[in-house]
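K.L.:
My questions all concern the structure below.
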Amino acid sequence: MRRINADVEDLGIGSKIREHRRRCGLTLQALSGRTGLSKPLLSQVENGRVMPPVATLLKIARALDVSLSQLFQEDRREDKVALTRAAERGRFTTRPHQQARDAGYSYESLELHRPRKAMQPLLVTFQPLEEKDAAFYTHEGEECVVLLEGELEFRGPDERRVLLPGDCLYFDSDLPHAFRSLGGQPARALVVVYAGAPPGKP
Numbered sequence: 495m496r497r498i499n500a501d502v503e504d505l506g507i508g509s510k511i512r513e514h515r516r517r518c519g520l521t522l523q524a525l526s527g528r529t530g531l532s533k534p535l536l537s538q539v540e541n542g543r544v545m546p547p548v549a550t551l552l553k554i555a556r557a558l559d560v561s562l563s564q565l566f567q568e569d570r571r572e573d574k575v576a577l578t579r580a581a582e583r584g585r586f587t588t589r590p591h592q593q594a595r596d597a598g599y600s601y602e603s604l605e606l607h608r609p610r611k612a613m614q615p616l617l618v619t620f621q622p623l624e625e626k627d628a629a630f631y632t633h634e635g636e637e638c639v640v641l642l643e644g645e646l647e648f649r650g651p652d653e654r655r656v657l658l659p660g661d662c663l664y665f666d667s668d669l670p671h672a673f674r675s676l677g678g679q680p681a682r683a684l685v686v687v688y689a690g691a692p693p694g695k696p
C-alpha cells in the first residue's frame with residue numbers, strides 16, 4: 495500500500511468510500527469483515543493517507559454494492575456518451591522519498607463522468623522492481639493490458655510473459671498476477687478492468 499503524495503489530490507476516493515459505508519450503515523469493523531481488509535488499513539484509505547491498489551478498491555466496492563467507477567467520481571446523471579478531457583484526470587502517486595520497491599505502480603482513471611460502467615479504463619505507470627519485490631494481486635473479473643511504452647513483465651503462478659509496446663495481454667483477474675517494468679525505466683500501459691455488470695444493471 496502506498497502513501498499518497500500530499501501535493502496530489504486522491505480524487506476523494508477515501509471520502510467516497512466513507513460516504514458509501516455510512517449509507518450502508520456499516521462500521522469500519524463491519525466493512526473489514528466483508529472485505530478481509532484490516533480496520534486500520536480501511537481507516538487510512540478513508541482518510542486519504544494511502545493509495546489503494548485497484549484490487550483493494552474492487553474488494554471495497556463489491557462489499558459496498560457499488561461499482562469501481564462510483565469510487566472515482568460523483569454520482570450524476572447517466573449519460574449515454576461521456577467525454578473526459580485529459581486535463582480532468584487525477585493521478586494516484588507516491589511520496590517522493592519512498593523506495594522504488596514500495597511504488598509498484600501509479601494510475602490515472604481515464605473516465606470520470608459515467609458513474610455506473612462495467613469497465614474501468616486506467617492509464618498505469620509501472621515502476622522497475624526487483625523480482626522479489628513484485629506484489630501479486632487477485633480480484634474478480636477480467637483485465638486487458640495494452641503496453642504503450644517500455645518493457646513490462648507479467649507473472650502468474652506458473653508463467654511469465656514479457657510485453658513490448660503494442661502487445662495486448664488479456665487474462666482472468668482471479669489468477670494471482672504481478673507486473674514489473676524491465677530495463678530500468680518505467681513502463682506505461684492502458685489497462686481496462688472488467689469486474690462484472692455494475693449494481694442496478696443486468
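Residue numbers for the sequence shown follow our numbering, so the first one is 495 and each next one is one higher. For glycine and all other residues, C-beta sits at the position ideal for the given N, C-alpha and C.
Mind checking who His-671 pairs with in its DSSP beta bridge?
P.N.:
His-671 is bridged to Tyr-631.
K.L.:
Do His-633 and Gly-650 have their C-beta atoms within less than 7 Å of each other?
P.N.:
For His-633 and Gly-650, no; Cβs fall outside 7 Å.
K.L.:
May I ask you to verify whether the segment 675-693 touches the segment 620-638, counting CB pairs closer than 8 Å and requiring at least 3?
P.N.:
Flag = yes, the segment 675-693 and the segment 620-638 touch.
K.L.:
Output the distance between the C-alpha atoms of Arg-558 and Pro-615, rounded to the nearest integer angstrom.
P.N.:
Here the sequence assigns Leu to residue 558, which means Arg is not the residue at that position. Whole-angstrom Cα-Cα distance: 21 Å.
K.L.:
Quick one: any contact between the segment 524-534 and the segment 573-585, if contact means 3 or more CB pairs under 8 Å?
P.N.:
Touching, no, given that fewer than three Cβ pairs across the two stretches are closer than 8 Å.
K.L.:
Determine contact between the segment 506-526 and the segment 534-547, defined as no fewer than three beta-carbon pairs at a distance below 8 Å.
P.N.:
The segment 506-526 vs the segment 534-547: in contact.
K.L.:
Can you give me the C-alpha to C-alpha distance between Ala-629 and Gln-621, rounded to a whole angstrom?
P.N.:
If you take the alpha carbons of Ala-629 and Gln-621, they lie about 12 Å apart.
K.L.:
Going by the CB atoms, is the gap between Leu-657 and Ser-675 shorter than 7 Å?
P.N.:
No, the pair does not count as a contact, with Cβ atoms beyond the cut-off.
K.L.:
Less than 8 Å between the CB atoms is what I'm expecting for Tyr-631 and Ala-549, so what's the real figure, rounded?
P.N.:
Right, the Cβ-Cβ distance comes to about 4 Å (below 8 Å), so this counts as a contact.
K.L.:
How should Lys-626 be labelled, buried or exposed, when 16 other C-beta atoms within 10 angstroms of its C-beta is the threshold for buried?
P.N.:
Exposed, since its Cβ has fewer than 16 Cβ neighbours within 10 Å.
K.L.:
Output the boundary residues of the alpha helix (DSSP H) element that contains Gln-710.
P.N.:
Nothing about residue 710 can be read from this structure; the chain reaches only from 495 to 696.
K.L.:
Nearest by alpha-carbon distance to Tyr-599: which of Phe-673, Arg-655, Ser-667 is it?
P.N.:
Of the listed residues, the one whose Cα sits closest to Tyr-599 is Phe-673.
K.L.:
What do you reckon, are the CB atoms on Glu-582 and Leu-565 nearer than 7 Å?
P.N.:
In this structure, Leu-565 does not lie closer than 7 Å to Glu-582 by Cβ.
K.L.:
With H, G and I counted as helix, E and B as strand and the rest as coil, what does DSSP make of Arg-579?
P.N.:
The answer is coil: DSSP assigns Arg-579 none of H, G, I, E or B.
K.L.:
Spatial neighbours of Met-613 within its chain, please: CB distance less than 6 Å, with the 5 preceding and 5 following residues excluded, ordered by chain position.
P.N.:
Val-686, Tyr-688.
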